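Student: Structure provided below as structure tokens; questions to follow.
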Amino acid sequence: MAMLEIKDLEVYYGIIQAIKGISFEVKEGEVIALIGANGAGKTTTLQTITGMLPAKAGNILFEGQDITKIPGHKIVSMGMAHVPEGRRVFAQLSVYENLKLGAYTRKDKEEIAESLQRVYQSFPRLEERKKQAAGTLSGGEQQMLAMGRALMSKPRIILMDEPSMGLSPIFVEEIFNIIKEISASGTTVLLVEQNAKKALSIADRAYVLETGNIVLSGDAKELMNNESIKKAYLGE
Amino acid sequence: MSFIAYLINGISLGSVYAIIALGYTMVYGIAKMLNFAHGDVIMIGCYVVFTTMSGLQFNPLLSVLISVVVCTVLGITIEKVAYKPLRKASPLAVLITAIGVSYLLQNAALLVFGADTKSFSSIITLPALKLADGKLVISSVAVVTVVTCLIIMTGLMLFIKKTKAGRAMLAVSEDKDAAQLMGINVNGTISLTFAIGSGLAAIAGVLLCSAYPTLTPYIGSMPGIKAFTAAVFGGIGSVPGAFIGGILLGIIEVLGRAYISSQLSDAIVFAVLIIVLLVKPTGILGKPIHEKV
């Protein structure tokens, strides 16, 4: 059984159809990349999965349970975290307060403290700056904070939307290494990226979105050698 | 001595403004809307106290408690019925709705309680405080008002800093979508904010009517506008800002009335607001948001 299964999903913005009946699945332990150009519907897909946008038709199943109509705020406690596009850290709150909010739905204080230590281990920079307002961090640091904050909910699957956007090459490298680590620690990853080359290099499988449709899918290594992918997304 | 007496009066009036301003500033912070019906919730609160205390002969404290409950429920209801359906509408539509709700409450009060002025008997019947051989007399209402305001402020700041619901409020006020991704119930948090603001409005109403004991369906609007001014003055969205803005506004109003002109006191208040906003558009404690991208 797939961990996350999307069936014939349709999403509209008013009368404009953004997602035109897509289906895909994410199995436990996988890193799945969703790639495509600007406006293809990648962010919309993620936002619909975590209840930020309503689905017009189709189903979203998480661990066998239909979550299509479940209110967004209830999804994180089911084990699904979402690192949104543009990081969306709470700029006026401190790094520590941001991380604490990541564990908002959890109750066990000791376990939360443990998760906090683990996040500080993965992102030592966040511990150095734990008292600093999140808005004063650099873009790369904010991305780390957004990821750390998502990890604080102890998710079984983590959805990441354009984690490398606007970052310097060094930070991009670091962020992708961290995604690999997150995956190695047993968390399933659904990754949306415009940086298709990078995304394919760490993904197991990938789906290619084009104007609301999935036009290609398959093994990430194979897709990297696909001629049309090379032309359209890898700039070769 | 009279200066000190005026000053104390000003602080007391300002404390009422501060409590009302909290309602404006918290709702603005969370829902990014100006709830112009807030002043009229105060008026409803006053009528509830008046009816239960003078009419039904309830114990004053019980009356206040009932009033707080009624206003809290009223605040939540207004939000659910009038504002929640407009969550994605333009700010202008929400603003006009708020003005509509304000008139609705005023006219409902007119219908139920009549247009005649009721005289409100103060719920505070303690003797006045006499200092400096009786040269300085501080009314018990003033003392109770200032103390109540300080308690509310401290309580609210602790609530926001220390409780989970408080932190949820901070998160929602910064970014609703991101807050929801943390598992925060955004609609619930907005309801809670309206509940707190409206409950506080009831307390402010009682204090206001105890100091100025006439009751009509329109008594909420002027203090409402002034408290809104105080909220902007202090930096809208900031809880300590509402406190500072409220107190300063009260002092300016009372001193202006005493030393400059009693007719012009309101004009002076708003003139000061305009000057402050010209110099510091975000208000005294309001901070422009610095965001690195």
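Chains as they are written, first to last, in our numbering: chain A, 20 to 255; chain B, 31 to 323.
Glycine included, each C-beta is placed from N, C-alpha and C at the ideal position.
Keep in mind that this is a model prediction, so the values were computed, not measured.
1) Taking L80 of chain A as part of the beta strand (DSSP E), name the residues at either end of that continuous run.
2) Output, in chain order, the set of chain A residues within a Cβ distance shorter than 8 Å of N215 of chain B.
3) Distance check for S228 of chain B and Q84 of chain A, CA to CA, integer angstroms please.
4) So, I49 of chain B versus I233 of chain B, is the Cβ gap smaller than 8 Å?
5) Under the three-state reduction of DSSP, which class applies to E47 of chain A: helix, strand or coil?
6) Among residues of its own chain, excluding the 5 on either side of S169 of chain B, which ones have a beta-carbon nearer than 7 Å to its beta-carbon?
7) Distance, Cα to Cα, Y58 of chain B vs G60 of chain A?
8) DSSP state of A232 of chain B, grouped into three classes?
9) Just curious, the beta strand (DSSP E) that T207 of chain A is in, first and last residue?
10) Which complete beta strand (DSSP E) runs does the region 99-166 of chain A hold, if anything under 3 residues is left out?
11) Between I319 of chain B and chain A, is any beta-carbon pair separated by less than 8 Å?
12) Using a Cβ-Cβ distance cut-off of 8 Å, determine whether D238 of chain A contacts chain B.
13) Taking only runs that begin and end inside the region 137-171 of chain B, name each unbroken beta strand (DSSP E) of 3 or more residues, in chain order.
14) State the CB to CB distance for the pair S236 of chain A and Y252 of chain A, rounded to an integer number of angstroms; the pair is presumed to be in contact (CB under 8 Å).
15) For K322 of chain B, would you say it is in contact with chain A, using Cβ-to-Cβ distances shorter than 8 Å as the test?
16) Could you please give me the residues that DSSP links to G55 of chain A through a beta bridge?
17) Using DSSP with H/G/I as helix, E/B as strand and the rest coil, what is A37 of chain A?
18) Using DSSP bridges, identify the partner residues of K26 of chain A.
19) I need the straight-line Cα distance from I190 of chain B to I214 of chain B, nearest angstrom please.
20) Mind checking F258 of chain B: buried by the 16 CB within 10 Å criterion, or exposed?
21) Count the other C-beta atoms from every protein chain shown that fall within 10 angstroms of the C-beta of H320 of chain B, then say buried if there are 16 or more, exposed otherwise.
22) For V102 of chain A, does the count of other Cβ atoms within 10 angstroms reach 16, so buried, or fall short, so exposed?
23) Apart from the five residues on each side of it in sequence, which residues of its chain come closer than 6 Å, Cβ to Cβ, to F143 of chain B?
24) Contact between the region 107-123 of chain A and the region 175-193 of chain A: three or more CB pairs below 8 Å?
25) Output needed for E283 of chain B: all residues of its chain with C-beta closer than 6 Å, excluding positions within five of it in sequence on either side, in chain order.
26) Shorter than 7 Å, the distance from the beta carbon of L253 of chain A to the closest heavy atom of the ligand FMN, or not?
27) For a contact meaning CB atoms closer than 8 Å, what does R197 of chain B contact in chain A?
28) Have a look at I226 of chain B and C101 of chain B and give me their C-alpha separation to the nearest angstrom.
29) Taking the alpha-carbon positions, what's the A239 of chain A to M199 of chain B distance?
30) Checking contacts by CB at 8 Å: is V191 of chain A closer than that to chain B?
31) Using the rule of at least 16 other Cβ atoms within 10 Å of the residue's Cβ for burial, across every protein chain shown, is M73 of chain B buried or exposed?
32) Among residues of its own chain, excluding the 5 on either side of V173 of chain B, which ones have a beta-carbon nearer than 7 Å to its beta-carbon?
33) By the 10 Å Cβ neighbour count, where 16 or more other Cβ atoms means buried, how is S132 of chain B classified, buried or exposed?
Tutor: The relevant details are as follows:
1) For this step, residue 80 of chain A is matched to residue 61 along the first sequence. It spans 76-81 - the beta strand (DSSP E) in which L80 of chain A sits, taken as one unbroken run.
2) Within the second sequence, numbered from 1, the residue matching residue 215 of chain B stands at position 185. The contacting residues are P90, H92.
3) Taking the first sequence and counting its residues from 1, one reaches residue 84 of chain A at position 65. Taking the second sequence and counting its residues from 1, one reaches residue 228 of chain B at position 198. Cα-Cα distance, rounded: 40 Å.
4) Within the second sequence, numbered from 1, the residue matching residue 49 of chain B stands at position 19. Within the second sequence, numbered from 1, the residue matching residue 233 of chain B stands at position 203. Taking 8 Å as the Cβ cut-off, I49 of chain B and I233 of chain B qualify as a contacting pair.
5) The count along the first sequence starts at 1 and reaches residue 47 of chain A at position 28. Residue state, collapsed to three classes: coil.
6) Working through the second sequence from its first residue, we reach residue 169 of chain B at position 139. Closer than 7 Å at the Cβ level, and outside the excluded window around S169 of chain B, lie A158.
7) Here residue 58 of chain B refers to the residue found at position 28 when the second sequence is read from its first residue. Here residue 60 of chain A refers to the residue found at position 41 when the first sequence is read from its first residue. Distance between the alpha carbons of Y58 of chain B and G60 of chain A is about 33 Å.
8) Taking the second sequence and counting its residues from 1, one reaches residue 232 of chain B at position 202. Of the three classes helix, strand and coil, the one that applies to A232 of chain B here is helix, per DSSP.
9) Walking along the first sequence from the start, residue 207 of chain A turns up at place 188. First-last of the beta strand (DSSP E) with T207 of chain A: 207-212.
10) 99-102
11) Here residue 319 of chain B corresponds to residue number 289 of the second sequence, with the count starting at 1. Bear in mind that the predicted position of I319 of chain B carries a pLDDT of just 49, short of 50, making it unreliable; the figure below should be weighed with that in mind. By this cut-off, I319 of chain B is an interface position.
12) Numbered from 1 along the first sequence, position 219 holds the residue referred to as residue 238 of chain A. No - not a single Cβ of chain B is within 8 Å of the one on D238 of chain A.
13) 159-161, 166-168
14) As a working note, residue 236 of chain A is residue 217 in the first sequence. As a working note, residue 252 of chain A is residue 233 in the first sequence. Rounded, the Cβ-Cβ distance is 14 Å, inconsistent with contact.
15) As a first step, residue 322 of chain B must be located in the second sequence, where it is residue number 292. With a pLDDT of only 37 at K322 of chain B, under 50, the local geometry of the prediction cannot be trusted, and the value read off the model is given with reservation. Closer than 8 Å to some Cβ of chain A, the Cβ of K322 of chain B qualifies, so yes.
16) Start at 1 with the first residue of the first sequence, and residue 55 of chain A comes out as number 36. A:L228, per the DSSP bridge assignment.
17) For this step, residue 37 of chain A is matched to residue 18 along the first sequence. Strand.
18) Position 7 of the first sequence, counting from 1, holds the residue named residue 26 of chain A. Answer by DSSP bridge pairing, in chain order: A:N78.
19) Your numbering for residue 190 of chain B matches position 160 in the second sequence. Your numbering for residue 214 of chain B matches position 184 in the second sequence. Cα-Cα distance, rounded: 15 Å.
20) Looking up residue 258 of chain B in the second sequence gives position 228. Buried.
21) As a working note, residue 320 of chain B is residue 290 in the second sequence. Residue placement at H320 of chain B cannot be trusted, given a pLDDT of 43 that sits under 50; the coordinates are not used to answer.
22) Position 83 of the first sequence holds residue 102 of chain A. Burial call: buried.
23) Against the second sequence, residue 143 of chain B aligns to sequence position 113. Y77, listed in sequence order.
24) no
25) Within the second sequence, residue 283 of chain B is the residue found at index 253, counting from 1. Closer than 6 Å at Cβ, skipping near neighbours: S295, V299.
26) As presented, the structure is devoid of all ligands, the ligand FMN included, so that no description of it is given.
27) Counted from its first residue, the second sequence places residue 197 of chain B at position 167. In chain order: E116, K119, L120, Y123.
28) Here residue 226 of chain B refers to the residue found at position 196 when the second sequence is read from its first residue. Here residue 101 of chain B refers to the residue found at position 71 when the second sequence is read from its first residue. If I take the Cα positions, the gap works out to 9 Å.
29) The sequence position of residue 239 of chain A within the first sequence is 220, counting from 1. The sequence position of residue 199 of chain B within the second sequence is 169, counting from 1. Approximately 42 Å between the Cα atoms of the pair.
30) Here residue 191 of chain A refers to the residue found at position 172 when the first sequence is read from its first residue. No, its Cβ sits nowhere closer than 8 Å to a Cβ of chain B.
31) Mapped onto the second sequence, residue 73 of chain B falls at position 43. Its Cβ being crowded by 16 or more others within 10 Å, M73 of chain B is buried.
32) One-based indexing of the second sequence puts residue 173 of chain B at position 143. Answer for V173 of chain B: L159, listed in chain order.
33) For this step, residue 132 of chain B is matched to residue 102 along the second sequence. By the 10 Å Cβ count, S132 of chain B comes out buried.
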